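Student: Attaching a single structure in C-alpha cells format; questions to follow.
Residue numbers (the numbering used here), protein chains in the order written: chain X, 50 to 369; chain H, 50 to 369.
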C-alpha cells in the first residue's frame with residue numbers, strides 16, 4: 050500500500066533538537082506501525098538509555114493527571130526536559146473518557162521542553178506491549194531527561210507499564226479502602242513508590258498505615274532490598290512534591306548502585322524485542338493465511354479432523 | 050520439570066460421560082498450560098463443534114450472573130446440557146471481586162448437567178485469547194449443548210470474548226445511560242442481541258429506545274443482514290427469558306442459513322491456532338533467551354548498539 054514518504058534523518062534531527070512536531074510525527078509512526086520505524090529506531094538507537102522512565106498508575110479518580118502535572122512542574126523547575134505518555138487501555142465499553150482530564154495539563158502545554166502525548170492501545174498489532182516501549186524510545190532518543198508513563202489501573206495494563214518503567218509509582222487516595230484491599234495481590238509487586246494523594250481528606254493516615262502494613266508483610270527480597278516509601282501528597286496544591294522527587298531520585302540511585310537499573314532495562318529490552326519479533330511472526334502468519342496456510346489448517350480444526358495443537362505445529366513449520 | 054501423570058484417555062472418557070470432576074481437571078490442564086493438553090485436544094477434536102457458544106458481556110452491575118442463571122434454568126428446562134465459563138479479566142487492581150456474585154449460581158450447583166467454572170486470565174501465557182477457546186473446546190467436546198461465556202465489559206476482554214462466541218449478548222441496565230453513550234463505538238460491532246435487564250426500573254424504555262436508535266444508525270451489512278433484537282428482562286424474576294431464548298435460537302438459525310456460523314467458527318479457529326502457534330514461538334524465544342539469543346541481542350539494544358527491529362530480525366532468524 051502506498052504511504053507518505055518520510056524523511057527519517059530530518060525528522061530524527063528535528064526531534065533531537067527538541068521540536069515537538071517532529072516528536073509528534075515519530076510517535077504517530079509508532080501508532081501506525083509505519084514501515085519507516087525501522088529506520089527511525091536505528092537512527093535513535095545511539096541516543097537512547099538516558100531518560101529516567103517513571104510509570105505512574107492508579108485507579109480512576111486518584112488524581113493521576115494532577116500528580117503528573119505536579120511532577121512535571123517540579124522537574125521543569127530543575128531544568129529537566131520531560132516527556133509524558135498517557136496510555137489509555139480503553140475499550141469500546143469504557144470509551145476514551147479516561148483521558149478527558151488531560152486538559153489539566155494545560156499548565157505545560159506551551160512549554161517546548163515538555164512533550165505530552167496520549168496514546169490509545171486499542172487496535173494495535175501487539176497492543177500496549179508493542180507500541181509503548183517504542184514511543185518511550187522516541188521520547189528518550191529525543192533527549193527527554195525524564196519520561197512519565199501514566200496509565201489507569203485497569204486490566205493488565207498497569208502490570209505491563211510497570212514492566213516498562215525504571216521506577217513505578219502507585220497512586221492511591223483515601224477512602225478507596227477496598228481498592229487497597231483488592232489491590233493487595235499485585236500492587237506490591239509493581240510499586241517502587243506509593244503516593245497517597247488527596248492527603249488532606251479524611252482517612253489519609255489510615256490508608257498510609259494500611260499500605261505500610263502491606264509492605265511489612267511483603268517478601269520482596271531484591272538485592273539490597275528496596276522498601277517502597279509511602280508519601281502523602283495534595284497534588285493540586287503541590288504538597289508533598291519534594292518528598293516524591295526525593296523518593297524518585299533515591300530509587301534511581303538505589304537501582305544504579307545495585308545493578309537493578311541494568312537488570313530492569315535488559316528485561317524491558319527483551320520484552321520489546323520479543324514483542325516486535327512476535328508481531329513480525331504474526332504478520333507472516335497473516336500472509337500464510339491468505340496463502341491458505343492457517344486458514345486451511347483452521348478449517349480442518351472446525352471440521353474436527355485436526356486438533357488446534359497439530360494445526361499450530363503445521364503453521365509454525367510453515368513459518369520456518 | 051516433573052508433572053503429575055495424566056491419564057488422558059480416561060479423563061476424556063469421563064468428561065464425555067458427563068463427570069464434572071473430569072471436566073474440571075481438563076480445564077485445570079488448560080489453565081496450567083499442561084503438556085498433556087495436546088493429547089486432550091486430539092482426543093476431543095472429533096467431538097467438538099456441536100455446542101452453541103453464547104458470549105454474555107456487560108458493565109459491572111447490569112446483572113450478568115443473574116441473567117446467566119436465568120438462561121441456565123431455561124436451557125435445563127429444555128433438557129440441554131449447559132456449560133458456563135465465567136472469564137475474569139481481573140487485574141491486581143480490581144482483584145477477584147468481579148466474580149464474587151458467582152454464589153448466585155448456587156441454583157444449579159448440584160445439577161450434574163450444568164458445568165460452571167470461573168477462569169482468571171491473569172498470568173496466562175497468551176491471556177484470554179489462548180486459554181478461553183481451549184476451555185470452550187473442553188466443554189464442547191464434553192457434550193455441552195450450550196456454553197455461556199460470561200465476561201465483564203472491561204478492557205479488551207469483551208471484544209475478545211465476542212470473537213470466540215457464536216452469538217454475543219450485550220447486557221445493559223437502565224440508568225447507565227453514559228454507559229450506552231460511551232459504548233457506542235464498539236458495542237454495535239459485537240452485539241447480536243441486546244438485553245436490557247432490570248427493566249422494572251425507571252428509564253428502561255428510554256434505554257431500549259436509545260439502543261434501537263444506535264442500531265438504526267449502524268451500518269452492519271452482513272449477508273442477509275441480522276438486526277439485533279432489543280429484549281427487556283428482569284432476570285431475578287425470570288421475566289423475558291422466553292424472548293431471550295427465542296432470540297438466541299433465531300440467531301443460531303440465521304447463522305446456519307447464511308453460512309455465518311461457519312465463517313465465525315473458522316475465524317475463531319484461525320485465532321485459536323494462531324494463539325497456540327504464537328505461544329509456541331514465544332516459548333522457543335524463551336529457550337533462545339537462556340541460550341543467549343534474545344538476551345544478548347537485547348543487551349546490545351540497551352547499550353544503544355542495536356535497534357530493536359534489527360534485534361528482532363536476529364531472533365526471528367534464529368527461530369527458523
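Quick reminder that beta carbons are idealized off the backbone N, C-alpha and C, glycines included. This structure is a prediction, so every number in the text was calculated from the model and none was measured.
Comparing the C-beta of residue 325(X) with each C-beta of chain H, is any distance below 8 Å?
Tutor: Cβ-Cβ to chain H under 8 Å: yes for residue 325(X).
Student: Which runs of the alpha helix (DSSP H) spanning at least 4 residues fall entirely within the segment 239-276 of chain X, listed in chain order?
Tutor: Whole alpha helix (DSSP H) segments, 4+ residues: 253-266.
Student: Classify residue 56(H) as buried or exposed, calling it buried when 16 or more other Cβ atoms lie within 10 Å of its own Cβ.
Tutor: Its Cβ having fewer than 16 others within 10 Å, residue 56(H) is exposed.
Student: Name the DSSP beta bridge partners of residue 199(H), please?
Tutor: According to DSSP, which records beta bridges pairwise, residue 199(H) is partnered with 105(H), 135(H).
Student: If contact is defined by three or more beta carbon pairs under 8 Å, each pair taking one atom from either stretch, is the segment 359-366 of chain H in contact with the segment 102-109 of chain X?
Tutor: No, the segment 102-109 of chain X does not touch the segment 359-366 of chain H.
Student: Using a cut-off of 8 Å between C-beta atoms, extract the partners of residue 358(H) located in chain X.
Tutor: Those within 8 Å of residue 358(H) in chain X are 86, 87, 90, 91, 325.
Student: Please state if the CB of residue 353(X) and the CB of residue 182(H) are separated by a distance shorter than 8 Å.
Tutor: Taking 8 Å as the Cβ cut-off, residue 182(H) and residue 353(X) do not qualify as a contacting pair.
Student: Roughly how many angstroms separate the alpha carbons of residue 89(X) and residue 266(H), rounded to a whole number?
Tutor: Roughly 41 Å between the two C-alpha positions.
Student: My assumption, with CB atoms under 8 Å, is that residue 219(X) sits in contact with residue 134(X). Please give the rounded CB distance.
Tutor: About 17 Å; that fails the 8 Å criterion.
Student: Any C-beta of chain X sitting closer than 8 Å to the C-beta of residue 70(H)?
Tutor: It does not: the Cβ of residue 70(H) has no partner Cβ on chain X nearer than 8 Å.
Student: Could you check the C-alpha separation between residue 161(H) and residue 282(H) for me, to the nearest Å?
Tutor: When rounded, the distance between both Cα atoms is 27 Å.
Student: Using 8 Å as the threshold, is the C-beta distance between residue 350(X) and residue 356(X) below it?
Tutor: Taking 8 Å as the Cβ cut-off, residue 350(X) and residue 356(X) qualify as a contacting pair.
Student: Flag this pair as yes or no: are the beta carbons of residue 201(X) and residue 168(X) separated by less than 8 Å?
Tutor: Going by C-beta atoms, residue 201(X) is not nearer than 8 Å to residue 168(X).
Student: Measuring only the C-alpha atoms, how far is residue 44(X) from residue 115(X)?
Tutor: This structure leaves residue 44(X) out entirely; chain X is present only between 50 and 369.
Student: Measuring only the C-alpha atoms, how far is residue 64(X) from residue 327(H)?
Tutor: Residue 64(X) and residue 327(H): Cα-Cα distance of roughly 35 Å.
Student: According to the neighbour-count rule (16 or more other Cβ atoms, all chains shown, within 10 Å of its Cβ), is residue 309(X) buried or exposed?
Tutor: With 16 or more Cβ atoms within 10 Å of its Cβ, residue 309(X) is classed as buried.
Student: Is it the case that the segment 243-259 of chain H contacts the segment 282-293 of chain H, given that we only count it when at least three CB pairs across the two stretches are under 8 Å?
Tutor: Short answer: they touch.
Student: For residue 299(H) and residue 193(H), what's the separation of their Cα atoms in angstroms?
Tutor: So the alpha carbons of these two residues sit roughly 19 Å apart.
Student: Go through its chain and collect everything with a Cβ distance to residue 277(H)'s Cβ below 7 Å, but skip five positions before and after it.
Tutor: Closer than 7 Å at the Cβ level, and outside the excluded window around residue 277(H), lie 240, 241, 242, 243, 264.
Student: Could one say the Cβ of residue 95(X) lies closer than 8 Å to chain H's Cβ atoms, at least one of them?
Tutor: Judged by the 8 Å Cβ criterion, residue 95(X) is in contact with chain H.
Student: Going by DSSP in three states, residue 97(X) sits in which element: helix, strand or coil?
Tutor: Coil at residue 97(X), not helix or strand.
Student: Measure from the C-beta of residue 334(H) to each C-beta in chain X and report whether the shortest distance is under 8 Å.
Tutor: For residue 334(H), the answer is yes, since a Cβ of chain X falls inside 8 Å of its Cβ.
Student: Suppose contacts are defined by Cβ-Cβ distances below 8 Å. Is residue 315(X) in contact with residue 348(H) by that definition?
Tutor: The answer is yes: Cβ separation under 8 Å.
Student: By the criterion of Cβ-Cβ separation under 7 Å, what are the contact partners of residue 365(H) in chain X?
Tutor: Near residue 365(H) (Cβ distances below 7 Å), the residues of chain X are 326, 329, 330.
Student: Does DSSP put residue 310(H) in a helix, in a strand, or in coil?
Tutor: The answer is helix: DSSP assigns residue 310(H) an H, G or I state.
Student: Give me the chain H residues within the contact set of residue 355(X), using Cβ-Cβ distance strictly less than 7 Å, ordered along the chain.
Tutor: Result: 94.
Student: So residue 343(H) contacts chain X; which residues on that side make the cut at Cβ distance below 7 Å?
Tutor: What residue 343(H) touches in chain X: 319, 322, 323.
Student: Between residue 189(H) and residue 67(H), is the Cβ-Cβ spacing less than 8 Å?
Tutor: Against a cut-off of 8 Å, the Cβ pair of residue 67(H) and residue 189(H) comes out as no contact.
Student: So residue 314(H) contacts chain X; which residues on that side make the cut at Cβ distance below 7 Å?
Tutor: Here the neighbours are 351.
Student: Go through its chain and collect everything with a Cβ distance to residue 224(H)'s Cβ below 6 Å, but skip five positions before and after it.
Tutor: The answer, listed in chain order, is 252.
Student: Using a Cβ-Cβ distance under 8 Å, would residue 98(H) count as near chain X?
Tutor: Chain X, which has a Cβ nearer than 8 Å to the Cβ of residue 98(H), makes this yes.
Student: By the three-class DSSP mapping on this structure, what secondary structure does residue 217(H) have?
Tutor: In this structure, residue 217(H) counts as strand in the three-state DSSP scheme.
Student: Just to confirm my understanding: we take residue 70(X), look at its own chain, exclude 5 residues before and 5 after, and list those with CB closer than 8 Å. What are they?
Tutor: Counting only Cβ-Cβ distances below 8 Å, and skipping sequence neighbours, we find 63.
Student: I'd like the list of long-range same chain contacts for residue 124(X), defined as Cβ closer than 7 Å, with 5 residues on each side in sequence excluded.
Tutor: Closer than 7 Å at the Cβ level, and outside the excluded window around residue 124(X), lie 131, 195.
Student: Under 7 Å between beta-carbons, which chain H residues line up against residue 346(X)? List them in chain order, please.
Tutor: Per Cβ cutoff of 7 Å: 322.
Student: Can you check whether the CB of residue 198(H) is closer than 8 Å to the CB of residue 93(H)?
Tutor: Taking 8 Å as the Cβ cut-off, residue 93(H) and residue 198(H) do not qualify as a contacting pair.
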